[in-house]
Amino acid sequence: MTEDSRDRLTLHLSVALACLRGPLVRAFAGRGRSRRRELDLAPTMASNIAGSVAEAMTFERDGTPVIWTRIAATIEAQLRVLPEHQARNWAGANSVQSEAARKEIAALLSDRLATEFSVRARNRPVVTPATQVWCGAADAKSRTSE
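The numbers in my numbering rise by one with no breaks, and the one at position 105 of the sequence shown is 114.
Below, the structure is given as structure tokens:
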């Protein structure tokens, strides 16, 4: 895996972690209503993270594409062994500590996924407009010349 792919994977994981709902993260970290760490939320969180990351990255093992449920299972296993202090910092009120913890968790997940799978950035098709399609540029020129 190239360094660029690893960085992109870490970035996508960090964004996916940031997009998880606050009450879900707080309950997982033990900062919710019950003040108990609810590890049974790990499958839901892993599913959301894997779905988000699988849109931007491709995962393979021995040249065979890996389905996103395998990716989710790997993420879930890593979330379950996440140290309590790291989870609590991620769900904390201090935004500096929370962001730092989120980035650390993303790096841990990235390392785990990179060791289990071959990860590459998904190529996105380049969309070029067809001929005779208005994109606003011609109209903008004519308005400025008047």
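Where a beta carbon is used, it is the ideal one built from N, C-alpha and C, also for glycine.
Reference residue i; option with closest CA among the options
| i | options | result |
| --- | --- | --- |
| residue 47 | 60, 27, 88 and 21 | 88 |
| residue 73 | 20, 16, 13 and 125 | 125 |
| residue 101 | 21, 62, 81 and 27 | 27 |
| residue 94 | 109, 81 and 80 | 109 |
| residue 31 | 97, 81, 12 and 60 | 97 |
| residue 71 | 123, 15, 106 and 12 | 123 |
| residue 107 | 34, 53, 45 and 130 | 34 |
| residue 132 | 15, 64, 53 and 79 | 64 |
| residue 121 | 91, 104, 45 and 53 | 91 |
Residue i vs residue j beta-carbon contact at 7 Å
| i | j | result |
| --- | --- | --- |
| residue 37 | residue 128 | no |
| residue 66 | residue 18 | yes |
| residue 55 | residue 84 | yes |
| residue 51 | residue 77 | no |
| residue 157 | residue 75 | Because the chain here runs from 10 to 155, residue 157 falls outside it and cannot be looked at. |
| residue 86 | residue 14 | no |
Buried/exposed call for residue i, threshold 16 Cβ in 10 Å
| i | result |
| --- | --- |
| residue 43 | exposed |
| residue 23 | buried |
| residue 119 | buried |
| residue 40 | buried |
| residue 111 | buried |
| residue 81 | buried |
beta-carbon residue i near the ligand MG non-hydrogen atom, thresh 6 Å
| i | result |
| --- | --- |
| residue 109 | This structure simply doesn't include the ligand MG, nor any ligand for that matter. |
Within-7 Å CB hit, residue i to chain D
| i | result |
| --- | --- |
| residue 21 | Included in the structure is just one protein chain, with no chain D present. |
Which whole runs of the alpha helix (DSSP H) in the region 66-145 are 4 residues long or more, in chain order? 77-89, 93-99 and 104-125
Whole alpha helix (DSSP H) runs in the region 20-46 with 4 or more residues, listed along the chain? 31-38
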